[in-house]
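Numbering (UniProt numbering), first residue to last: 1 to 282. Positions of the beta carbon are idealized from the N, C-alpha and C atoms, including for glycine. What follows is a short report on a single structure.
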Ligand SMILES: C[C@](O)(CO)[C@H](O)COP(=O)(O)OP(=O)(O)OC[C@H]1O[C@@H](n2ccc(N)nc2=O)[C@H](O)[C@@H]1O
Ligand SMILES: Nc1ncnc2c1ncn2[C@@H]1O[C@H](COP(=O)(O)OP(=O)(O)OP(=O)(O)O)[C@@H](O)[C@H]1O
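Here is the structure:
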């Protein structure tokens with residue numbers, strides 16, 4: 001009989017606002033952003049093996065195994081701890097790639113948290129966040145596991161509670177390159193810092209919006225079509241755009257017509273990552 005292994009969730013995130021307030025000497029940008037998760041997830045399975053090899057059961061099309069963030073996260077854990085075992089990783093991919101929903105980063109964070117548990121490594125959440133940052137700026141929030149006001153390059157967190165609204169996400173048919181947006185000469189890099197209270201009062205600006213709209217006309221179209229129903233925003237550097245709704249009914253009224261034309265998702269904002277409910281039930 002084949003063994004049944006646990007499935008670990010890797011949720012998507014949204015940036016409910018994003019301000020660029022400076023730039024470090026290494027080129028990375030200093031941000032103020034608000035992260036919230038949505039109940040749309042990739043699912044990962046980790047099967048222990050008797051040798052020391054890390055492998056992917058079903059590598060993602062177009063992503064060489066050694067570049068996959070789950071592979072790199074597992075390898076980093078082995079390097080850091082000297083752990084000698086291996087693992088086969090299986091990814092059930094649902095999150096669109098290059099959509100600004102942080103799918104690859106979330107897969108990496110789930111790998112760090114799950115293998116820390118399965119391999120009994122005993123690393124603290126703080127340490128896993130530091131390791132995650134070496135894989136990408138968006139990895140630490142998924143290890144943190146709670147909605148947050150974030151500063152630094154997006155890795156210094158303060159827990160916040162954000163209304164858990166219904167959300168419609170549209171994925172325009174393009175892949176936005178985060179690096180390209182952050183290297184644009186037209187990017188606003190000197191926004192004034194604001195306070196959490198300003199965000200709560202309605203400051204939802206995303207400083208990447210102007211550059212992304214100009215370079216990617218389909219993002220511009222998605223924003224215009226979604227804004228007929230509610231305030232439409234860009235997550236991260238895109239390509240995904242989203243709008244919040246107070247009721248499921250209102251969200252469906254937007255989702256139904258838009259989903260005929262756009263790759264779209266009807267989901268809910270969540271303040272606690274399902275990764276930790278999964279860990280506690282491990
Ligand atoms: C835009 C956000 O999605 C907001 O959550 C993230 O800051 C991006 O996070 P990410 O996709 O994990 O990005 P990384 O893979 O670390 O970085 C991609 C590229 O974006 C630029 N980058 C990223 C994050 C940051 N705070 N400043 C930057 O300038 C860097 O040129 C970097 O080479
Ligand atoms: N497990 C993975 N899942 C998705 N992409 C991965 C993975 N591992 C590596 N990648 C690479 O990372 C790139 C970005 O993918 P991802 O889905 O994380 O984009 P994103 O949602 O725009 O991320 P972010 O919001 O962090 O910029 C992909 O095009 C792919 O080449």
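Quick check on residue i: buried or exposed, where buried means 16 or more other Cβ atoms within 10 Å of its Cβ?
| i | result |
| --- | --- |
| residue 247 | exposed |
| residue 94 | exposed |
| residue 107 | buried |
| residue 1 | With a pLDDT of 47 at residue 1, under the threshold of 50, the predicted position of this residue should be treated as unreliable, though the coordinate-derived value follows. Residue 1 comes out exposed. |
| residue 284 | Because the chain in this structure spans residues 1 to 282, residue 284 falls outside the shown range and cannot be described. |
| residue 158 | exposed |
Leaving aside the five residues before and after residue i along the sequence, list all residues of the same chain whose C-beta is less than 8 Å from its C-beta, in chain order.
| i | result |
| --- | --- |
| residue 218 | 172, 173, 174 and 239 |
| residue 24 | 30 and 153 |
| residue 103 | 10, 12, 42, 93, 95, 96 and 97 |
Note down, in chain order, each residue of its chain lying with its Cβ closer than 7 Å to the Cβ of residue i, except the 5 sequence neighbours on either side.
| i | result |
| --- | --- |
| residue 278 | 8 and 9 |
| residue 128 | 112, 113, 116 and 143 |
| residue 74 | 54, 87, 89, 111 and 115 |
| residue 199 | 17 and 34 |
Just to confirm my understanding: we take residue i, look at its own chain, exclude 5 residues before and 5 after, and list those with CB closer than 6 Å. What are they?
| i | result |
| --- | --- |
| residue 136 | 105 |
Could you give the first and the last residue of the continuous beta strand (DSSP E) run that contains residue i?
| i | result |
| --- | --- |
| residue 9 | 7-23 |
| residue 270 | 263-270 |
| residue 48 | 29-49 |
| residue 130 | First-last for residue 130: 125-133, but that is the alpha helix (DSSP H), not the beta strand (DSSP E). |
| residue 181 | It is not in any beta strand (DSSP E) - residue 181 instead sits in the alpha helix (DSSP H) that spans 178-182. |
| residue 170 | 166-171 |
| residue 273 | No beta strand (DSSP E) contains residue 273, which DSSP labels as neither H nor E. |
With distances taken Cα to Cα, identify the nearest neighbour of residue i among the options.
| i | options | result |
| --- | --- | --- |
| residue 177 | 258, 208 and 139 | 208 |
| residue 84 | 59, 48, 269 and 52 | 52 |
| residue 204 | 17, 125 and 6 | 17 |
| residue 285 | 258, 38 and 44 | As displayed, the chain neither begins before 1 nor continues past 282, which places residue 285 out of reach and without an answer. |
| residue 228 | 76, 101 and 244 | 244 |
| residue 50 | 119, 251 and 260 | 119 |
| residue 90 | 97, 77, 66 and 59 | 59 |
| residue 206 | 163, 41, 159 and 232 | 232 |
| residue 194 | 224, 156, 149 and 166 | 149 |
| residue 242 | 186, 168 and 280 | 168 |
| residue 201 | 123, 183, 210 and 163 | 163 |
Any heavy atom of ligand 3 closer than 7 Å to the CB of residue i?
| i | result |
| --- | --- |
| residue 154 | Absent from the structure shown: ligand 3. Ligands present: ligand 1 and ligand 2. |
Taking a contact to mean a Cβ-Cβ separation below 8 Å, would you say residue i touches residue j in this structure?
| i | j | result |
| --- | --- | --- |
| residue 188 | residue 20 | yes |
| residue 132 | residue 139 | yes |
Start and end of the alpha helix (DSSP H) containing residue i?
| i | result |
| --- | --- |
| residue 214 | 209-215 |
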